[in-house]
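Right, one structure below, let's go through it.
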Amino acid sequence: SAVISQKPSRDICQRGTSLTIQCQVDSQVTMMFWYRQQPGQSLTLIATANQGSEATYESGFVIDKFPISRPNLTFSTLTVSNMSPEDSSIYLCSAERQGANEQYFGPGTRLTVT
Amino acid sequence: SQQGEEDPQALSIQEGENATMNCSYKTSINNLQWYRQNSGRGLVHLILIRSNEREKHSGRLRVTLDTSKKSSSLLITASRAADTASYFCATVGGGGNKLTFGTGTQLKVEL
């Protein structure tokens, strides 16, 4: 298994500002992912964080709004840029080892934009 | 959207009863997984069933998969109050690692 931590656990931000969420895995993993979970809803994949190269974004998500970094095999960041109240969600990162067929999830970052 | 549908959306049962949740999906899959999410927490992987499997067991969990109907079910036997959580199915398509989540079932197990 893998233990994943996220910082911050929650934040309240003003519209128009940006927030960077950090995701740390306790061991090297192949794949890292970022999801959004709006209140009372399911998870939607934002992007796959690729180590050493640009992230792969899903339809409806763009790099200018959600820039992602992954400098090494255990760490990634997601920035939510120029926030609006519609960005209020839980943001979760996950990780998967090659061939594991199982993703391990962080506890999530609960973001409220006012 | 390829998101699957789960039913029921919410389920309330008494401790000791069995809970069954159903998941339907839209495209061909490599495997289907079930996750649990306790309130305000991250997700925990429960069980994976591959597209060439029809049934799988893990402890009190039983998962079935019918690829002809594009559906799966999760059965939790002898439920406990600690099973109270949201349960999500998630599919993985051919050649990829990406999870596409269903809409989820909120299970409440009452004492």
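Chains A and B are the protein sequences, given in the same order. If you're matching positions, the first sequence starts at 227 in the numbering used here and goes up one per residue. If you're matching positions, the second sequence starts at 524 in the numbering used here and goes up one per residue. Think of the CB as a built atom: it goes at the ideal place given N, C-alpha and C, for glycine as much as any other residue. All of these numbers come straight from a predicted model, not from anything done at the bench.
Counting only beta-carbon separations shorter than 8 Å, does A:F349 have a partner in chain B? The shown model of chain A, from 227 to 340, leaves out residue 349 of chain A, and the question about it has no answer.
So, at 7 Å on beta carbons, what are the nonlocal neighbours of B:S524 in its own chain, with the 5 sequence-adjacent residues on each side left out? Low local confidence applies: a pLDDT of 44 at B:S524 is under 50, so the model's placement there is unreliable, and no value is given.
By how many angstroms is the C-alpha of A:M309 removed from the C-alpha of B:S581? 42 Å
Does any residue of chain A bring its CB to less than 8 Å from the CB of B:K621? yes
Quick one: what's got a C-beta closer than 7 Å to B:S574's C-beta in the same chain, skipping five residues either side? I552, N553, N554, T590
What's the C-alpha gap between A:S268 and A:R323? 23 Å
Do you know whose CA, among A:S227, A:V229, A:A228, A:K233, lies nearest A:Y317's CA? A:K233
Per the DSSP calculation, A:R236 is bridged to which residue(s)? A:R336
Report the option in A:S279, A:E280, A:G286 whose CA atom is closest to the CA atom of A:L271. A:G286
Should A:S302 be flagged as near chain B, meaning a C-beta pair shorter than 8 Å? no
Answer yes if the segment 301-308 of chain A comes into contact with the segment 534-554 of chain B, meaning at least three C-beta pairs across the two stretches below 8 Å, and no otherwise. no
Pair within 8 Å by beta-carbon distance, B:L569 and B:Q560: no
Is A:D252 closer than 8 Å to A:A228 when the C-beta atoms are compared? yes
Would you tell me roughly how many angstroms separate the C-alpha atoms of A:G334 and B:V586, rounded to the nearest one? 27 Å
Answer with buried or exposed for A:R296, where buried requires no fewer than 16 other C-beta atoms within 10 angstroms of its C-beta. buried
Could you check what DSSP says for A:E280 in three-state terms: helix, strand or coil? coil
According to the neighbour-count rule (16 or more other Cβ atoms, all chains shown, within 10 Å of its Cβ), is A:V306 buried or exposed? buried
State the CB to CB distance for the pair B:S602 and B:A542, rounded to an integer number of angstroms; the pair is presumed to be in contact (CB under 8 Å). 5 Å
Is the CB-CB distance between A:S314 and A:G332 below 8 Å? no
Under a three-way DSSP split, which group does A:P297 fall into? strand
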